[in-house]
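Sequential numbering of the sequence shown, starting at 1, is according to my numbering.
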Amino acid sequence: MAQKKWLLASTALGAMAGLISTAVFISSASAQPKPAAKNGTGDDSAIIEQVLVTGTYIKRKSQLDSPAPLSIIDGADLAQQGFTSASDAARFMTINSGSELNSDAFTQNFSTGTANINLRGLGLSSTLVLINGRRQTLSSAYADDGDTFVDTNALMPLIMIDRIEVLKDGAAALYGTDAVAGVVNYITRNDFRGFEATARFQTTTQSSQRDVDLGLIGGWGNDKAQLVAALSYKRRSELLAADRDFTRGSGISASGQPGSVFGLVPGNPAFPAIDPGCAKGTNSIPHLLAPRPAGLPFDIGTCDFDFSPYYSLVPKEERIQAYATGNIKFSDSVEFFAELGYSGNSALRSNAPSFPVASPEAVPGNHPGIPAALRPLWPTSQPRLFLGRILGDAAGVSPSEHDSDTYRLVGGLRGDLTGTWSWETSVSYSKNRFFLMAEDVITSRYRAALNGHGGPDGNQWFNPFSTSIGATPDQIGIYNDPALIDYIVQPLTVHSSASLWTADARLSGSLLSLPAGDLGLAVGAQYRHEALAYDFNDAYNQQQFLFLVGGPNFKGSRDIQAGFVELAIPVINSFEIQAAARYEDYGHGVNTLDPKISALWRPLDSVTLRGSFGTAFRAPSLFQTLGSKTSLVNINMAGQSIFRAARTNGNLDLKPQNADVFNAGISWHPNSNFLASLDYWRFKYKNLIVQEDAQSIVKAALAGNAQAFSQLEYDGFNNLSMINVRYINAPSVTTDGIDMSASYTWPTAAGFVRLAGDATYVFKYNAVDQFGTPFEGAGRRNYGTFARSIPQWRGNAYLTVNNGNHLATAVFRYIDSYIDNENNAKVGAYTTLDVQYSYSFSGLFGGSGGSAITMGAINILDRQAPHLDTFGGYDSKVHDPRGRLVYVEFKQGF
């Protein structure tokens, strides 16, 4: 698999290099020296170049000229904070809450190996992710709650990123669907020339989870053409749950191996009998439910199984990424540009030896493996019910494979017209292919084997009892033949794909001159074609699996047409209004018009006031309207956590989500050394598309709700076996809060010192669930609702000292405590300290670009993730399970 990914990456770079290098060669003969600046000094510093920032299509002098709340993370910030991938920045964004950045087998059944962004906690699909201002395909993997997202692990090599621009309010008026909570725009190093290589080794200080990262970037060009290409490779080793104290004992299941048997306790057939050999099984724990009556040869209760040691906290991964950008100038006013990208990721996640058996299975009284202590009360002519799992510790971990390939191609033309007008047109195509392979039990084969009719020849017994432990092949009916287990346990495979075609055209410039400046105008149109397809294997299509059951293949597509207009109106020299509106049409009567108005006022040269109000929307995804999935969910019943299957089918009647978004802020910039900013934000989200929460349905059903009860499926023994959930439009979510940031730089004897910080506080997250019940989500884990954990305070503080060749950085990070509403307990605050030292020097290997060696530690104080009383022992949507990470990195430029 790795060889294939290397081939795809090198092919992508080779194709782009061939195209642009040819143009460079052809144009080099005619390339002329750059003319002197108009001031006659040969220096361009007198020319102020206008730039385009995220949140507007009208060029401005600087970020401070934009009325949008915008933050920028540049390449130096990424390096100084020890990041190794494009997705790492989201982990520490204070406005990001509830994204999936850690592998979690209990809440991420399908999406292992991916990463995403969840601005303001409004949902993975409510943040628009762009590359160089253009859309990227969604991953065909889905979150357990049915949300779809752009995989930020599949964008580009970290070494290719110039900066990340984060727009922190709604932007549907310009960008369309998904831009509800904001926009995250990854911008590449398009002007880089030379070569740069990096090599990094990172390891945990507890256990031996290691990362190796290699990066390479090269840039070539002249005044006529430019090519920049980058390549990266990551190899990550596994971190098992058994390697962390907070996970040990966090996963106890009553469905063990060995298990227990119903129908043997005299006078109480509903009480289970513990297999007398329960303690023989590694990680098997006898759990007594009642005292043993006199003369009874076995205990009453269940043979529990601690499955926590078998799971990956960090899966084994291998990732190869390539990205290239290029441009060719046909003339002074027309330029061709192109981008080509590939990302391949393979993740291998460890899981428990087998799924639990949700419903007891009948075992005949003549089964040869029945323990001797159970036989006196088990008539040979009658079956009894076995509760347990098919495989225990002897089988080892059950791995699941998660393999992803993402492709991107962009081509377009841009140029200048007379005066201040410019234009751009482009076509882009991106596609993600995802493959999942997991294991589950074939129901018919398992039941046949319990009755002695297992295997291809229909003559083998499967022994679920403790008598199988240590049995030898000559013990027919007691020994479990590995070939029989392979016959019963079969792979479940999924091949999925998601793709996006986009055609864009836009025109911008000055419509006319006003006393306070030019009236800016931008207009544009867009066409998109989205497609999604899922292909399961035959066993899943035929619903043959015991736990995950199965379902049909599905596929679908849709076309979207859109147009927008934007105005920048200078009212007076210090006051500007920006207005924009966008119309999108999805066909079948689904369309939307979203306006936005913003204002910027500079009452003093050092003070900027800004405000904006607009509407935003998100259309139902193809997965939410057409998809079908079955997931493993954790249900709390009568105080006991159990796993059950939850099946979700698409809903064609979903309405688009829509939101009212308000932002007001102030920036103070008294001099070039100091900048402070404060913003108040508010989102009122209506018709929020959510997947019904399985726990809420069970709770409502037990409370007598007829609709909820109709969504539950029970087996023939009145055991809950399946929860049917739907995608619905929830009534509303209203959330507000403040963002704060400040930075100050000053010279000292030790060098230039920079002190900076950013923080977010969430005042409220008022929501209404699917049953019309209001709840407050801020400062809570939000178990049993569609919301995710939302700590109220998140903050970072940065200290940097730069003294020539020496650069030292320290970062203090804080995540507030919050309430675990499942257990009425507090999840503690999480504080970490990251440090880094870098030394730059020249002359090594003759490289003109210089060399640098960097050493650092993430979470140098080795703070463990706060305890959460759930499977896994911590909150994977908030905290990092790895503990202290130390690393060394070498960079060489040529």
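The beta-carbon is built from N, C-alpha and C at its ideal position, and this holds for glycine as well.
No residue range can be given for T152, since it is assigned to no alpha helix (DSSP H) and is classified by DSSP as neither H nor E. Here the stretch 194 to 201 makes no contact with the stretch 861 to 881; the two share fewer than three CB pairs at distances below 8 Å.
Rounded to the nearest angstrom, the gap between the Cα atoms of A787 and D332 is 52 Å. With contacts defined by Cβ atoms closer than 8 Å, N805 and Y839 form a contacting pair. Counting of Cβ neighbours within 10 angstroms places T418 among the exposed residues, the total staying below 16. A distance below 8 Å separates the beta carbons of Q226 and N327. Within the stretch 84 to 130, the complete alpha helix (DSSP H) segments of 4 residues or longer fall at 88 to 91, listed in chain order. The three-state reading of DSSP puts D486 in helix, counting H, G and I together. For H402, DSSP records a beta bridge to A347 and L436.
Contact between T54 and V180 is ruled out by a C-beta separation of about 15 Å, above the 8 Å threshold. Excluding residues up to 5 positions away in sequence, Q202 and R236 lie with their Cβ nearer than 6 Å to the Cβ of D211 in the same chain.
Sequence-distant Cβ neighbours of L626 in its own chain, meaning closer than 6 Å and more than five residues away, are F554, G556 and G650.
Around the CB of I476, fewer than 16 other CB atoms lie within 10 Å, so the residue is classed as exposed. Comparing alpha carbon positions, the residue from F771, A756, V661 and K684 closest to A700 is F771. An exposed status is given to H588, since fewer than 16 other beta-carbon atoms sit within 10 Å of its beta-carbon. The three-state secondary structure of P309, taken from DSSP, is helix. By the criterion of at least three beta-carbon pairs nearer than 8 Å, the stretch 386 to 397 is in contact with the stretch 353 to 367.
With 16 or more neighbouring CB atoms inside 10 Å of its own CB, R647 falls in the buried class. Judged by beta-carbon spacing, G176 lies within the 8 Å limit of A562, meaning their Cβ atoms are closer than that value.
Boundaries for K224: no alpha helix (DSSP H) harbours it, and the DSSP string shows neither H nor E there.
With a 10 Å radius around the Cβ and a threshold of 16 neighbouring Cβ atoms, G777 comes out buried. Between T137 and N432 a beta carbon distance of about 5 Å is seen, short of the 8 Å cut, so the two are scored as contacting.
Secondary structure at I476: coil, using DSSP grouped into helix, strand and coil.
As a beta-bridge residue in DSSP terms, F752 pairs with P747 and N802. Bounds of the beta strand (DSSP E) holding I161 are I161 to L167.
In the three-state DSSP reduction, V698 falls in the helix class (H, G or I).
Taking 8 Å as the cut-off, the beta carbon of M437 is found closer than this to the beta carbon of P491.
Unbroken beta strand (DSSP E) stretches of 3 residues or longer found wholly inside the stretch 537 to 593: 554 to 572 and 575 to 587, given in chain order. Straight across, the Cα-Cα distance linking N821 with T760 is about 22 Å.
Under the three-state reduction of DSSP output, P515 falls in the coil class, being neither helix nor strand. Pairwise C-beta distances place the stretch 285 to 300 out of contact with the stretch 310 to 327, as fewer than three of them are shorter than 8 Å. DSSP places R445 in the uninterrupted alpha helix (DSSP H) bounded by T443 to L450. Listed in chain order, the non-local C-beta contacts of A471 below 7 Å within the same chain comprise I478 and Y479, local neighbours out to five positions each way being set aside.
By the CB criterion at 8 Å, N118 and N153 fall outside the cutoff. Counting the other Cβ atoms within 10 Å of the Cβ of F330 gives fewer than 16, which makes it exposed. Judged by DSSP secondary structure, D74 falls within the beta strand (DSSP E) whose first and last residues are L70 to D74.
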